[in-house]
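Taken in sequence, the protein lines are chains Z and H.
Numbered per this note's numbering, the first sequence finishes at 481, counting up by one with no gaps.
Numbered per this note's numbering, the second sequence finishes at 1459, counting up by one with no gaps.
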Amino acid sequence: MPTSTAKIEEIVSREYQHGFYTPIEEETVPAGLNEDIVRLISAKKNEPQWLTEWRLKAYRHWLTMREPTWQNVRYQPIDYDAIHYYSAPKMKKQPKSLDEVDPELLRTYEKLGIPLREQELLAGVAVDAVFDSVSVATTFKEKLAEHGVIFCSFSEAVQNYPELVRRYLGTVVPYSDNFFAALNSAVFSDGSFCFVPKGVRCPMELSTYFRINAAKTGQFERTLIVAEEGAYVSYLEGCTAPMRDENQLHAAVVELIALEGAEIKYSTVQNWYPGDKEGRGGIYNFVTKRGICLGRRSKISWTQVETGSAITWKYPSVILRGDESVGEFYSVALTNHYQQADTGTKMIHLGRGTRSTILSKAISAGHGQNSYRGLVKVMRGAERARNYTQCDSLLIGDRCGAHTFPYMEVRNSSAIVEHEATTSKISEEQLFYCQSRGISLEDAVSMIVSGFCRQVFQELPMEFAVEAHKLMGVSLEGAIG
Amino acid sequence: MSVRGRAIPTPDSMSASGFIPPLQGFGSYENAFGQLSQSVPAWLQQLRAAALDTFRQLGFPSQRLEDWKYTDTTPIAREVFQLPRRPPATEPRAELWEPWVFSGGAAMVFFQGWPLPLQPVAPPLPDEVSLLSLQDALAKEEALVRGLLGTSAPLNEQSFTALNTALLDEGAWVRLAPGARLATPIQLLFVGGSVEHPTILCPRNFIVLGDGAEATVIECWIGESSVPFLTNGITEVVLGEEAHLTHVRILAEREAMLHMGLTAVRQSRGSTFRSQVITFPGQWTRVEIHTRLEAPAATALLDGLFVANGSSFVDHHTTIDHAQGATTSRQLYKGVLNGASHGVFNGKVFVRPGALKSDAQQMNKNLLLSDDAEIDTKPQLEIFADDVKCSHGAAIGQLDEEALFYLRSRGVAAGDARHMLIYGFANEIVERVPWENARRRLRAALQERLATAPPEDPA
């Protein structure tokens, strides 16, 4: 056991491999935030009047809000006046094809192992690559267009599909939702927009790579995905960031809307810079992600693998409004060194016969602190609502922590809500179960540990599952016990 | 900016904000403080004054505080309370409280917080056991009281603890010398209500077991009142090495009875704290149990049951602090909610850094019988050590359709079948009470409460 623990610690303490910096000339607005900066961002993006007004309303509301303090993560106060709220690679014009993209930029992605061309040719994945704030390349647009699927940067969507953006923007996460969502609504620079029309099954997995590059640049992405009646889309979001000594704030907003019979599957692999071994630097990942199942029998599924960031603080949520709609949340969160995570989900049951499943796997090592916080709320009209929640924590080393804060609020007597959580090095009950079935101790340990994350990984699309295994950086199999 | 290891929260840590002052001001509390008997030791009077200051700074907790997220203190904060008369103006009706004296052992009965002079009904206690009112204990064992007061329930940012300390006058003092063992339970019966003005009562009890001592203490809080009657009681428990305490806490209140009850426990090596909490609430009830496992091999076993009807609010908070390793805790709390009642369960388990081989299990099960009822449950684990075994679970649901079908297929009427299943669900906790007379009384009370709000017969 000591050798295997040492092996894990060696692997998990490896230096961050994606910590290079791409020297590209950037266009940055002055640090700090005021109405002029908000107007400037809006003007730079050539936005319509209503959007500028919306940003300003969000900014004014943000001024009245206070940063929350209830979370189970600790950080130095953020100086919002020291952040550059807009940063874009300087380019002569918008690239029309990959050939026009800055070669430096493409090399950056190659180092990350996601060459756009290869993906374009081999993987068949359309990539909307976001470099800092502006989307620089969007591929496979035509093929998607054949099916009527719109997949573009948020800025393009504002220009080309303003009526769609206006109809759905802020309907799931209003600008007044919380401190960081308000900030995002005021200053969001770009992001992704996806619209899948009625009855269309999106022919490929959609993928976005976010990347934070410039120092002292907050990144405020905004993603909006709409699936019309009977549509299906699987969306992949991956994140890496170069090494920096200062903390950077990432306050994104993701909104998902599923109409009747639609299904949205949203997968995240987050590997931003977690800070060094002493807890210096790293990304503050304070993100608001929420989906709404508006129509009957719609489904939203969140899968996340959170291995990066100094602090991860987010609760991808589902509002189950349509009758018999389904919400799912699958999560693996790893904290090491001085990383902190306070993550989980909210399932708000409004419709009849709504169902939700929550599966959270937390792994803590080093001085890492990992919290699961989840809310299951069954409103009065949600007859026969059903929830099952399972949160498991695995602790590696005696200086880390694993915490569970589940909230269950039930107002309907026909609802069934169940929550189970375990925290351990490895569950004795599971071992006993396997052994009672004639499986040797070693085999049982191996099965259980590899199974610890597998339930979540198997929810990921294939390409991501492979990357997730790589990112965990630890083959848990045979490592513990 | 840099991120370092976070501070470790203490169970009683609260943010500085999130409190509300009494809606009618602090005047009534200051008046009550002024009316307290001054014939107490100077140190106690100073302690009361300091606590009043703390309470004046805090006020009552608001729902902005995480620990009070589901608990609205407005029903308390809006009242102007008085202290009950000393001695009480009336006597309690015997038929109200006599059914609750059932142990056959030693008993103390308090009416409106005032000890009643009872004829001894039980054989005298052995010399190594003290069973006194707090005022008598101050007269006879002042140094001991002074040394213990506030050690299990420290005066800090807990509003209700501060208020209890500020208005502290009476309570029960139970002390067993090392090695003392009692075969029969000691009963502490608190009869509230029967007042004309909104009334506040702040009893403080002590249960102190020396090394190797063993006892069962049954605390009963009963009463009914048409005007708000707030009991803000604290029981401080200190268990020596290898001491074993079974603490049964029964609450059977009605109408405008408001109850804030804290049992705060410190446990030494090898000690066992076995707690059974059974609550039939009045208008507003919150019961907290905090136990600190301060040495290896300490064990806490917590069972709870609450059965609420009407518009009752009932809240159970438990905190188990595994301060040292090789400690064990088990919890099973069950709730039955009917009518428009609102139930809350919040169970916290802390495992401190280095508390290896801690073993904690927690389970909360709730039956929600009406669409007007609400249950909010929050089982919570905070683990700062790796070699531990901790689990918790919570479930909210209704009666098992298959079990109902089974009973009906055996000729049991639908209503009876429902009643049987609800009774069976709740009775699991009653059956864990280790004293037949208590179980008998509790079964009757349970039947009575379930009959008050007959379960709906599904169409």
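Backbone N, C-alpha and C define an ideal beta-carbon position, used for all residues, glycine too.
>> I want to verify the contact list: residues of chain B whose CB lies under 8 Å from the CB of Ser1103 (chain H), in sequence order.
In response: Given the protein chain composition of this structure (Z and H), no chain B is represented.
> Of all the beta strand (DSSP E) runs that stay within the bounds of the stretch 1321-1345 of chain H, which reach a length of 3 or more residues?
Replying inline: 1328-1337
> Leaving out five residues before and five after Pro1087 (chain H) in sequence, what residues of the same chain have Cβ atoms less than 7 Å from its Cβ?
Replying inline: Trp1114
>> When you compare the CB positions of Ser1329 (chain H) and Val1349 (chain H), do they come within less than 8 Å of one another, or not?
In response: yes
>> Taking the straight line between their C-alpha atoms, what separation do you get for Asp1463 (chain H) and Ala1243 (chain H)?
In response: Nothing about residue 1463 (chain H) can be reported from this structure: the residues present for chain H run from 1001 to 1459 only.
> Name the chain Z residues that come within less than 9 Å of Ser1391 (chain H), Cβ to Cβ?
Replying inline: Glu420, Ala421, Thr422, Thr423, Ser424, Ser427 and Glu429
> When we look at the beta-carbon of Asp1169 (chain H) and count the other beta-carbons within 10 Å, is it buried (16 or more) or exposed?
Replying inline: buried
>> Alpha carbons only, please: which of H:Phe1026, H:Phe1055, H:Pro1075 and H:Arg1048 is nearest the one belonging to Leu1258 (chain H)?
In response: H:Pro1075
>> Considering just the uninterrupted stretch of the alpha helix (DSSP H) at Pro1057 (chain H), what are its terminal residues?
In response: Checking the sequence shown, residue 1057 (chain H) turns out to be Gln, not Pro. Where Gln1057 (chain H) is concerned, the enclosing alpha helix (DSSP H) stretches over Ala1042 to Leu1058.
>> I want to check one thing, is the minimum distance from the CB of Gln76 (chain Z) to the heavy atoms of the ligand NAP below 7 Å?
In response: Among the ligands in the structure shown, none appear at all, so the ligand NAP cannot be discussed.
>> Classify Asn34 (chain Z): buried if its beta carbon has 16 or more other beta carbons within 10 angstroms, exposed otherwise.
In response: exposed
> Starting from Ser436 (chain Z) and walking both ways along the alpha helix (DSSP H), at which residues does that stretch end?
Replying inline: Glu428 to Ser436
> What number of angstroms, rounded off, separates the C-alpha of Leu334 (chain Z) from the C-alpha of Phe405 (chain Z)?
Replying inline: 17 Å
>> Taking beta-carbon pairs under 7 Å, can you tell me which members of the stretch 1421-1455 of chain H lie near chain Z?
In response: none
> Taking C-beta to C-beta, are Phe1081 (chain H) and Ser1028 (chain H) nearer than 8 Å?
Replying inline: yes
>> Tell me which residue opens and which closes the alpha helix (DSSP H) that His1290 (chain H) is part of.
In response: Unbroken run through His1290 (chain H) is the beta strand (DSSP E), Trp1284 to Leu1293; no alpha helix (DSSP H).
> What's the C-alpha gap between Phe195 (chain Z) and Pro1021 (chain H)?
Replying inline: 51 Å
> Can you find a CB in chain H that lies within less than 8 Å of the CB of Trp70 (chain Z)?
Replying inline: yes
>> Cβ closer than 7 Å: which chain Z residues qualify as neighbours of Asn1302 (chain H)?
In response: Residue identity check: residue 1302 (chain H) is Leu in the sequence provided, not Asn. Simply none; closest approach about 18 Å.
> Per DSSP, Arg201 (chain Z) is paired with what?
Replying inline: Z:Tyr232
> Where in the stretch 1072-1099 of chain H do unbroken runs of the alpha helix (DSSP H), each at least 4 residues long, occur, reported from the N-terminal end onward?
Replying inline: 1074-1077 and 1094-1097
> So what does DSSP say about Trp302 (chain Z), is it helix, strand or coil?
Replying inline: strand
> Would you say Gly295 (chain Z) reaches chain H, if we count a Cβ-Cβ gap shorter than 8 Å as a contact?
Replying inline: no
> Based on the DSSP output, what are the partners of Ile359 (chain Z) in its beta bridges?
Replying inline: Checking the displayed sequence, the identity of residue 359 (chain Z) turns out to be Leu instead of Ile. For Leu359 (chain Z), which the question treats as bridged, DSSP gives the partners Z:Tyr330 and Z:Gln390.
>> Quick test of the definition: if touching needs 3 or more C-beta pairs under 8 Å, does the stretch 1088-1104 of chain H touch the stretch 1132-1143 of chain H?
In response: no
> Are Pro1185 (chain H) and Ile1222 (chain H) closer than 8 Å when you measure CB to CB?
Replying inline: no
>> Under DSSP, the alpha helix (DSSP H) around Gln1135 (chain H) begins and ends at which residues?
In response: Leu1134 to Lys1140
> Would the stretch 1387-1396 of chain H and the stretch 1416-1429 of chain H be scored as touching if the rule is three or more Cβ pairs under 8 Å?
Replying inline: no
> Between the Cα of Glu306 (chain Z) and the Cα atoms of Z:Met408, Z:Ile396, Z:Ser267 and Z:Arg321, which residue gives the shortest distance?
Replying inline: Z:Ser267
> Near Gln1024 (chain H), what residues of its chain come up, given a Cβ to Cβ distance below 6 Å and the 5 sequence neighbours on each side ignored?
Replying inline: Val1080
> From which residue to which residue does the alpha helix (DSSP H) around Ser155 (chain Z) run?
Replying inline: Phe154 to Asn160
>> Check whether chain H comes within 8 Å of Asp398 (chain Z), counting only Cβ atoms and requiring the distance to be less than that.
In response: yes
> When you compare each of Z:Gly368, Z:Thr343 and Z:His61 to Leu375 (chain Z) by their alpha carbons, which one comes out closest?
Replying inline: Z:Thr343
>> List, in chain order, every chain Z residue whose beta-carbon is nearer than 7 Å to that of Leu1368 (chain H).
In response: Val410 and Ser413
> Leaving out the 5 sequence neighbours to the left and right, which residues in its chain are closer than 7 Å to Asp177 (chain Z) when beta-carbon positions are compared?
Replying inline: Thr288
> Would DSSP call Cys1202 (chain H) helix, strand or coil?
Replying inline: coil
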